[in-house]
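S.K.: Sharing a structure, written as structure tokens. Questions coming.
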Amino acid sequence: MSKAKVEYIWLDGYKPTQSLRSKTKVIENFSGKLEDCPMWSFDGSSTEQAEGGSSDCLLKPVYVCADPGRKNGWLVMTEVLNADGTPHESNGRALIDDDDNDFWFGFEQEYTIMDPATQLPIGFPAGGFPAPQGPYYCSVGANNAIGRELVEEHLDLCLDAGLNVEGINAEVMAGQWEFQGFAKGAAQAGDEMWIGRYLLERVGEKYGLAISWHCKPVKGDWNGSGMHANFSNDVLRTCGSKEIYGKICEAFGTQDRIAAHIAVYGAENEQRLTGLHETQSIDKFSYGVSDRGASIRIPIASVENGYKGWLEDRRPNSAADPYKVAAVIIKTVKTACKSLDLQTA
Ligand code: MN
Ligand code: MN
Ligand code: MN
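Under our numbering, the first residue of the sequence shown carries the number 1413, and numbering increases by one thereafter.
Take a look at the structure:
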């Protein structure tokens, strides 16, 4: 008989930014399969998800993978349900309308490694600043690449867990890094990003370092943190039409859709979407080929492939919920395709 440590992970109900929570269930002779992960429950009154009088919320397992950082360990992403089995209002995954996995998502998750003692990014001296940004992006060497040991350990954990992390890089601000994840299917893309974030938080514990998901951890002339959302559906992957690409981009540009998207693109995004630092201003919408100052970029690879490819929404920030980001993008793209009378799978 073996006893597995199965970590149930969920998102709490804090606003405007939800945080990861988790607890361990010891399961005898665990198969590692999702169908063998039982439903579980937790005290929602401790996570802003229920009142004390009827505090039980349910955890519905939706994704399981190995936990390479723990002996006999597994990680289970879960959705939070109300006691009656309906999705809790904090449950962004339940908003995703992609049952056939037509939508593929690639997220570029930026983050900043913080020293809990100073509440500054690592590499920032107390009471001062490091050299101005410029040399840090994709750097090597101890002056500029700060935190690599933690970052490398995180990458190994993700790969050993079986997450489809596709790359990492040092970012523009000192102490700021990025990992990229991709999945065919919006829900799975979100699951893998949340587990990737979980593993990053946990490896940070080992180093006594915190992860800041805030989109502007240092005010002033320092880059903010984003979570660019690269996406496609069958139409974008196969249409071969500049006109259709334009129409889909324009569907994102109506006032009501701009508001719907910004509402879930992460808290305090106005601090980051200023029109500077490779962003478009939060109150403007634009799209363009290869334009890193646009809200939505049409990657040159999509153009060179004859408008068979994907789009990149550059507005989501590092603290946004990838489930909610995916859900709102799917809604806009599906609506656009429908009005163009294009079949969406
Ligand atoms: Mn990137
Ligand atoms: Mn980046
Ligand atoms: Mn990007």
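Yeah, the Cβ is synthetic: ideal placement off N, Cα and C, and Gly gets one too. Model, not experiment: these values are computed from the prediction.
Return the chain-ordered list of same chain residues with a C-beta closer than 6 Å to the C-beta of G1485, the five sequence neighbours on each side being excluded.
M.R.: K1417, D1479.
S.K.: If distances are taken between C-alpha atoms only, which option among C1449, F1454, G1425 comes closest to K1435?
M.R.: Here the closest residue by C-alpha is F1454.
S.K.: Within 10 angstroms of its Cβ, does I1623 collect 16 or more other Cβ (buried), or is it exposed?
M.R.: Answer is buried; the Cβ neighbour count reaches 16.
S.K.: Over the uninterrupted alpha helix (DSSP H) stretch that includes S1751, give me the two end residues.
M.R.: 1734 to 1751 is the span of the alpha helix (DSSP H), which, as asked, contains S1751.
S.K.: In terms of residue numbering, what span does the beta strand (DSSP E) encompassing W1516 cover?
M.R.: From DSSP, the beta strand (DSSP E) with W1516 extends over 1516 to 1527.
S.K.: Look at the alpha carbon of N1576 and the alpha carbon of C1550, and state the distance between them as a whole number of angstroms.
M.R.: Going by the C-alpha atoms only, they are around 21 Å apart.
S.K.: Would you list the residues sitting across from M1489 in a DSSP beta bridge?
M.R.: According to DSSP, M1489 bridges with I1421, Y1475.
S.K.: Could you check whether the Cβ of E1460 sits closer than 8 Å to any heavy atom belonging to ligand 3?
M.R.: False, no ligand heavy atom lies under 8 Å from that Cβ.
S.K.: Could you spell out where the beta strand (DSSP E) holding K1592 opens and where it closes?
M.R.: The sequence shown places Gln at residue 1592, rather than the Lys named in the question. Start and end: 1588 to 1596.
S.K.: Hey, which unbroken runs of the alpha helix (DSSP H) at 4 residues or more fall wholly within the stretch 1633 to 1715?
M.R.: Within the stretch 1633 to 1715, the complete alpha helix (DSSP H) runs of at least 4 residues are 1646 to 1650, 1654 to 1663, 1667 to 1674.
S.K.: State yes or no: is the C-beta of D1514 within less than 9 Å of the C-beta of D1646?
M.R.: Closer than 9 Å, so yes.
S.K.: In the structure shown, what three-state DSSP assignment does I1439 receive?
M.R.: Of the three classes helix, strand and coil, the one that applies to I1439 here is strand, per DSSP.
S.K.: Along the chain, where does the beta strand (DSSP E) containing D1455 start, and where does it finish?
M.R.: From DSSP, the beta strand (DSSP E) with D1455 extends over 1452 to 1455.
S.K.: How big is the Cα-Cα spacing for P1537 and G1559?
M.R.: Roughly 14 Å separates the two Cα atoms.
S.K.: Express the C-alpha separation of Y1719 and Q1588 in angstroms, rounding to a whole number.
M.R.: Their Cα atoms are separated by approximately 33 Å.
S.K.: Given a threshold of 16 other Cβ atoms within 10 Å of its Cβ, counted over all protein chains shown, does N1642 qualify as buried or as exposed?
M.R.: Per the 10 Å Cβ criterion, buried.
S.K.: Note the first and the last residue of the continuous alpha helix (DSSP H) segment covering L1562.
M.R.: Element bounds for L1562: 1560 to 1573.
S.K.: Report the rounded CA-to-CA distance for G1444 versus A1601, giving the unit in angstroms.
M.R.: One C-alpha to the other measures close to 20 Å.
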